[in-house]
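For the first sequence, the numbering used here begins at 295 and goes up steadily by one. Note that beta-carbon positions come from the ideal geometry of N, C-alpha and C, so glycine has one too. Here is the structure we will look at, set down as structure tokens.
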Amino acid sequence: MILDELRRQLDAALGPWAKAQGLPELPSYALEEPPAGIEADVACNLALLLAKPLRKSPRALAEELRKTLEKSLPVVERISIAGAGFLNFNWPLKTLQAELKTILTDTLQYGRRPGTAKQKILIEFVSANPTGPLHVGHGRGAALGDSLALILSHLGYSVTREYYINDAGNQVQMLGESLLARCAELEGKTVSFPENGYHGDYVKGLAQEFMAEVPAPARTLDKAITYAVAKMTKNIERDLQAFGVRLDSWFSEAGLVRQGLVEKYIERLRQKGFVEEAEGAVWFVSPGEKEEEKDKNRVLKKRDGKWTYFATDIAYHADKFERGYDRLIDVWGADHHGYVPRVKGSMQALGYDPNRLHVILNQLVALTRNGVPAVMSKRSGEFVTLRDVLDEVGKDACRFFFAMRGPNTALDFDLELAKKHTVDNPVYYLQYAHARICSIFRQAALPNSGATKTAEQPNSGSTIQQISRKADPMLGRSDVGQIRSTVDLTLLKEKEERDLMKRLALFPQMLLVCSQEGSPHPVANYLLALCRQFHHFYDHHRVLGDDKTLTQARLGLINAVRQILKLGLSLLGVSAPESM
RNA sequence: GCCCUCGUAGCACAACGGAUAGUGUACCGGCCUCCGAAGCCGAUGAUGCCAGUUCGAUUCUGGCCGAGGGCACCA
295 MILDELRRQL
305 DAALGPWAKA
315 QGLPELPSYA
325 LEEPPAGIEA
335 DVACNLALLL
345 AKPLRKSPRA
355 LAEELRKTLE
365 KSLPVVERIS
375 IAGAGFLNFN
385 WPLKTLQAEL
395 KTILTDTLQY
405 GRRPGTAKQK
415 ILIEFVSANP
425 TGPLHVGHGR
435 GAALGDSLAL
445 ILSHLGYSVT
455 REYYINDAGN
465 QVQMLGESLL
475 ARCAELEGKT
485 VSFPENGYHG
495 DYVKGLAQEF
505 MAEVPAPART
515 LDKAITYAVA
525 KMTKNIERDL
535 QAFGVRLDSW
545 FSEAGLVRQG
555 LVEKYIERLR
565 QKGFVEEAEG
575 AVWFVSPGEK
585 EEEKDKNRVL
595 KKRDGKWTYF
605 ATDIAYHADK
615 FERGYDRLID
625 VWGADHHGYV
635 PRVKGSMQAL
645 GYDPNRLHVI
655 LNQLVALTRN
665 GVPAVMSKRS
675 GEFVTLRDVL
685 DEVGKDACRF
695 FFAMRGPNTA
705 LDFDLELAKK
715 HTVDNPVYYL
725 QYAHARICSI
735 FRQAALPNSG
745 ATKTAEQPNS
755 GSTIQQISRK
765 ADPMLGRSDV
775 GQIRSTVDLT
785 LLKEKEERDL
795 MKRLALFPQM
805 LLVCSQEGSP
815 HPVANYLLAL
825 CRQFHHFYDH
835 HRVLGDDKTL
845 TQARLGLINA
855 VRQILKLGLS
865 LLGVSAPESM
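Dropping the structure here:
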């Protein structure tokens, strides 16, 4: 990507310069998009950063840097100084045109980072208890985790998505008891429903199925638990599928316990001296314990001899490391934030680098209905399922709604509002732009349009057909399939065309930001900007015109927009309809 | 009480410590004999309060006010 190239050239040119100034190395500087209204493509803050160590004014330093760089930045057309001392660069048209060609040649590889394939990442998300259907709040974690996985995959990492099924412990026990109680009710017996049981109606339905499939003598608690968990897990998987989320791996907590992995890792902790027994229970004592870290100390084995969630979680995370992953990403609800230091502490105690574990906390979704807070509890049975919302507002609107926000903002989701004002969701703005471009291609394929008149031209160089097919197998069948001409991208020189090319070239950089910040929301903002520029271009210039070669070039440009748009939307789990 | 996150326009959200704080919606005024008006152009409108660090603070630090969430031998 062109920003990488610019950075390489800057480093090469300024490394020696920095040494001459007595600096050990160049500080890590930013290359970013200047604010609107600045006549430059890339801004660099190097002079501002160096002002203090070199005790010179930023403007004077910028001037010095400009002189040093003048002859050594071939990717750049113009270097200027603005504001407090920004070094601004302008791309020559040919650089942008070359980048456009790169995009058209292989969109699906555009943005891939070298060397990433070697790194194995395990991203765990949703992991809701298999005790009931997913509710809307889970949707946020699902959307976040899935999109992040898609983005990391696109960058080239080897990504595995995993769902941790909490199918051991009190909650599923309670589900089993609730199920048996409902069965007894159906048989006409009067029973007292478990106090902390699951009151949702879905348990009644489950009971009917259970009774139909399992003969009475076999209806033990264990059987009820495994039956209910299996059904609920299947249900969750179906909901996620409808939400466009696919998991690679479903990891069972019960299986972890069964294999004795909890004993194994707790024993390892004990040998390292991090385990104590007190008050009839077994405790974890965090490494380098200080008074203020007391809260990291937690019970591993309860007085009744059962493992706590914390104990199994230690084993689970250790197991993830042992499975050979370089990086672990956990997507948790913000209500688990106090839990992060404990898990990291335990990993450190076991000898794993805690920095290889990244926990992304997403704030909870505050559900309201007409402004009134809606209670979300599986046990009480009062909750709005993800499925309900999907049915009402649709997958695309829902995915985009969650994906366009950073994980750290508590967001309000008003059910009635979401149902009424789905048009408020900017996802339609993006989909409309995509459909509009597809429509132009359909138009271009018609007889008498500027595009098809060139069919007899010699087929030298890349053709729209060839490059489109390579980049997107979906295309090339009907809409651009008939277009055949050499494409001269150097014809693209209007301001609006240039702006579009520039925006397209920023795609890889944007994905890096997502990766660094652990959030897909920059994709949403990027796509909105891209579409705005496309519509602006569309408003100023005709794509299909009398000038055949220009028509071809513009078809190439908007095809790149279309493909990046489609790719970006797919990273958010949103579809890109060809018409709407 | 202690800890975490968040306070940006009527509403919902953006902005690695940078330049004129962006976008969508809502409201107001324009634009379809021409590739999709689910669009475009224009106008109005915002960093909770008070200090501090800095050449420069929406961003970092402290305090205050407000919202949400944690502080289990639950998961």
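Check: If we count the other Cβ atoms within 10 Å of its Cβ and call it buried at 16 or more, is ASN819 buried or exposed?; Outcome: exposed
Check: Given a cut-off of 8 Å, decide if GLU326 and VAL369 are closer than it, judged by their beta-carbon atoms.; Outcome: no
Check: Return the bridge partner residues of LEU655 from the DSSP annotation.; Outcome: TRP626
Check: Beta-carbon within less than 7 Å of ASP706's beta-carbon, same chain only, minus the 5 sequence neighbours each way: which residues are those?; Outcome: ALA660 and THR662
Check: If we ignore side chains and look at the alpha-carbon of each, how far apart do PRO321 and LEU655 end up?; Outcome: 31 Å
Check: Given a threshold of 16 other Cβ atoms within 10 Å of its Cβ, counted over all protein chains shown, does LEU740 qualify as buried or as exposed?; Outcome: exposed
Check: Using 8 Å as the threshold, is the segment 723-738 in touch with the segment 811-827, meaning 3 or more CB pairs across them?; Outcome: yes
Check: Need the endpoints of the alpha helix (DSSP H) that TYR726 sits in, please.; Outcome: 721-738
Check: Grab the span of the beta strand (DSSP E) containing ASP706 for me, first residue to last.; Outcome: 705-708
Check: Give the DSSP-derived three-state secondary structure of HIS875 in the structure shown.; Outcome: Coverage of the chain is limited to positions 295 through 874, which leaves residue 875 absent and any answer about it impossible.
Check: CA-CA distance, LEU308 and LEU363?; Outcome: 8 Å
Check: Could you check the C-alpha separation between GLY867 and ARG532 for me, to the nearest Å?; Outcome: 16 Å
Check: Give a yes or no on whether the C-beta atoms belonging to ALA609 and VAL556 are separated by under 8 Å.; Outcome: yes
Check: Which runs of the beta strand (DSSP E), 3 residues or longer, sit entirely within the segment 550-587?; Outcome: 569-572 and 575-578
Check: VAL539: which of LEU344, LEU680 and VAL523 sits nearest, CA to CA?; Outcome: LEU680
Check: Three or more C-beta pairs closer than 8 Å, one from the segment 442-454 and one from the segment 401-415: is that the case here?; Outcome: yes
Check: In angstroms with no decimal places, state the Cα-to-Cα distance between LYS350 and ALA330.; Outcome: 28 Å
Check: How far does the alpha helix (DSSP H) with ILE332 in it reach, from first residue to last?; Outcome: Taken as a continuous stretch (DSSP letters only), ILE332 belongs to no alpha helix (DSSP H), as it is neither H nor E.
Check: To which residues of the same chain is GLY812 closer than 6 Å at the C-beta, ignoring the five residues directly before and after it?; Outcome: ILE654
Check: Using alpha carbons as the reference points, say which of LYS689, GLN465, GLN657 and GLN303 lies closest to PRO898.; Outcome: Residue coverage of the chain in this structure runs from 295 to 874, which leaves residue 898 outside it and unanswerable.
Check: Starting from the Cα of ALA475, find the closest Cα among VAL807, ALA462 and ASN490 and give me that residue.; Outcome: ASN490
Check: Just verifying my parser: in three-state terms, what is the DSSP assignment at HIS829?; Outcome: helix
Check: List the endpoints of the continuous alpha helix (DSSP H) containing LYS498.; Outcome: 495-507
Check: Does the segment 395-404 come close enough to the segment 501-509 that 3 or more CB-CB pairs lie under 8 Å?; Outcome: no
Check: DSSP state of PHE487, grouped into three classes?; Outcome: coil
Check: By Cβ distance, which residues of its chain are closer than 8 Å to VAL817, with the 5 residues on each side in sequence left out?; Outcome: SER441, ILE445, ALA697, MET804, LEU805, CYS808, GLY862, LEU865 and LEU866
Check: Threshold first: 4 residues or longer. Then list the alpha helix (DSSP H) segments lying entirely within the segment 370-410, N to C.; Outcome: 387-399
Check: So what does ILE415 bridge to, in DSSP terms?; Outcome: VAL453 and ARG621
Check: When the Cα atoms are used, what is the spatial distance from THR410 to GLN810?; Outcome: 14 Å
Check: Quick check on LEU824: does DSSP put it in helix, strand or coil?; Outcome: helix
Check: Nearest-angstrom Cα distance between VAL523 and ALA501?; Outcome: 13 Å
Check: What do you get for PRO802, buried or exposed, if any count of 16 or more other CB atoms within 10 angstroms of its CB means buried?; Outcome: buried
Check: Can you check DSSP and say which residues form a bridge with ARG592?; Outcome: PHE578
Check: For ASN460, tell me which candidate among ASP495, TYR633 and THR520 has the shortest Cα-Cα distance.; Outcome: THR520
Check: Are the segment 534-549 and the segment 683-691 in contact at 8 Å, needing three or more beta carbon pairs?; Outcome: yes
Check: Once you ignore the five residues that flank ASN719 on each side, which residues in its own chain have a CB closer than 7 Å to its CB?; Outcome: ALA691, PHE694 and PHE695
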